[in-house]
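Trainee: Converting from the sequence shown to the working numbering requires adding 49 to each position, the first position being numbered 1. Here a beta-carbon is modelled for each residue, glycine too, at the ideal position from N, C-alpha and C.
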Amino acid sequence: MDRLVESLQRQSYPHWRVLFIDGPSRPEHRARLEELAGADPRLCWQPQDPALPGIFGAMNQGFSAARPDEWLLFWGSDDWAPAADVLERAAATLAEGDSCDLLVCTGRYVRHGSPGRPSRFRRLGSYRCSLFLGSTPPHQATLISPQARSLGLRYSPLFRLSGDLDYFLQLSSHGDLRVRSLDLVLVHMAAGGVSGVQHRRRLREVRLAYLRAFGSLWVVPFALRYLQRALSLLEGRSVA
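1) Is it buried or exposed, R249, if we count other Cβ atoms within 10 angstroms and call 16 or more buried?
2) If I follow the unbroken beta strand (DSSP E) through G31, where does it start and stop?
3) Exposed or buried, Y275, counting other C-beta atoms within 10 Å across all chains shown (16 or more means buried)?
4) Just to confirm, is the Cβ distance from L235 to A139 under 9 Å?
5) Within 10 angstroms of its Cβ, does P187 collect 16 or more other Cβ (buried), or is it exposed?
6) Give a yes or no on contact between the segment 105-124 and the segment 196-210, applying the rule of three or more CB pairs nearer than 8 Å.
7) Quick one, which of R229, V269, H64 has its alpha-carbon nearest G146's?
8) So what does L192 bridge to, in DSSP terms?
9) Does the segment 207-226 come close enough to the segment 96-107 to have 3 or more Cβ pairs within less than 8 Å?
10) Over the uninterrupted alpha helix (DSSP H) stretch that includes L213, give me the two end residues.
11) Out of S74, P99, L143, W94, point me to the one whose CA is closest to C154's CA.
12) Does the segment 169-189 come close enough to the segment 259-274 to have 3 or more Cβ pairs within less than 8 Å?
13) Alpha carbon to alpha carbon, how far is G156 from A100?
14) Flag this pair as touching only if the segment 160-169 and the segment 70-83 have three or more C-beta atom pairs under 8 Å; answer yes or no.
15) My output table needs one value for F69: the three-state DSSP class, helix, strand or coil.
16) Once you ignore the five residues that flank Q277 on each side, which residues in its own chain have a CB closer than 8 Å to its CB?
17) Note down, in chain order, each residue of its chain lying with its Cβ closer than 6 Å to the Cβ of R66, except the 5 sequence neighbours on either side.
18) In chain order, which continuous runs of the alpha helix (DSSP H) of length 4 or greater are located wholly inside the segment 72-157?
19) State the DSSP-derived secondary structure class of H237, mapped to helix, strand or coil.
20) Whose C-beta lies closer than 7 Å to the C-beta of Y62 among residues of the same chain, with five residues either side of it excluded?
21) Identify which residue in H64, D89, P96 has its Cα closest to the Cα of H78.
22) Which value, in whole angstroms, describes the spacing of the CA atoms of H223 and G174?
23) Sort I70, S211, Y176, H64 by Cα distance to L226 and report the nearest one.
24) With distances taken Cα to Cα, identify the nearest neighbour of L207 among R253, F69, L151, A190.
25) Excluding the 5 residues preceding and the 5 following L121 in the sequence, name in chain order all residues of the same chain whose CB lies nearer than 6 Å to its CB.
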């Protein structure tokens, strides 16, 4: 968490704020949150609502807490900004004339200090077509606009690991959704985590998300998703 906060505090773009949603954690962890919030008014925290459990429940709580004019970005405590100008570059893109509902950047996994595979959205035609062909925006590298939030979509309680995929598929049902890609590594993400070890559950949830979106054609994006994942792993090895 300290690495995340330090990476934000050194940003050249100062107009950000962070809301930590804290699940049941140890007293020393909450004391640290209080300390951080007391030292920087851009940092605040609130306990997680028991009625909104899990990672995606916390993210839904973030949806509710966001101000009407704010762009929303979801990071975990083990994510961080890789350079001091990434928020400024993203903000500059948003300030340009071409408006969008999602600004999709790139994330990169890091293991033991070494860069691993990238997590990026490959545009293969329209947004929905790209999703059907197995590509998914990385949620840690995707800024969600007030207009997209106004659609009222939320992360489904059916998912513990793949709620982000389901959410982006829900958005794709709105044909007028404007999606813009930016060639920028916005976030570094620690490799591993819960979703990295619960493989069977993740596969079941990915299948369910595609089934909800594409019906009997679910197998096409399912297979292409993991083909793209294999290509990303090869790319990550070449970088390392």
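Mentor: Quick look at the numbers:
1) It counts as exposed.
2) Because the chain spans 50 through 289 in this model, residue 31 falls outside it and cannot be assessed.
3) With fewer than 16 other CB atoms across the displayed protein chains lying within 10 angstroms of its CB, Y275 is exposed.
4) Yes, these two residues count as a Cβ contact at 9 Å.
5) Flag for P187 reads buried.
6) Cβ pair count under 8 Å is three or more, so yes.
7) Nearest option by C-alpha distance: R229.
8) L192 is bridged to L152.
9) The segment 207-226, when compared against the segment 96-107, does touch it at the 8 Å Cβ threshold.
10) The question names Leu, but residue 213 in the sequence shown is Asp. That run of the alpha helix (DSSP H) goes 212-221.
11) Of S74, P99, L143, W94, the residue nearest in Cα terms is L143.
12) The segment 169-189 vs the segment 259-274: in contact.
13) Taking the CA atoms as reference points, G156 sits about 30 Å from A100.
14) Not touching, per the Cβ criterion.
15) Here F69 sits in strand by DSSP.
16) Around Q277: R171, G183, S184.
17) Closer than 6 Å at the Cβ level, and outside the excluded window around R66, lie R91.
18) 76-88, 103-114, 135-144, all fully within the segment 72-157.
19) Strand at H237.
20) Answer for Y62: L136, E137, A140, listed in chain order.
21) Taking only the C-alpha atoms, the option nearest H78 is P96.
22) Those two C-alpha atoms are separated by around 16 Å.
23) Measuring from the Cα of L226, the nearest candidate turns out to be Y176.
24) Cα-wise, what sits closest to L207 is R253.
25) Excluding residues within five positions, the ones whose Cβ falls inside 6 Å are A115, I193.
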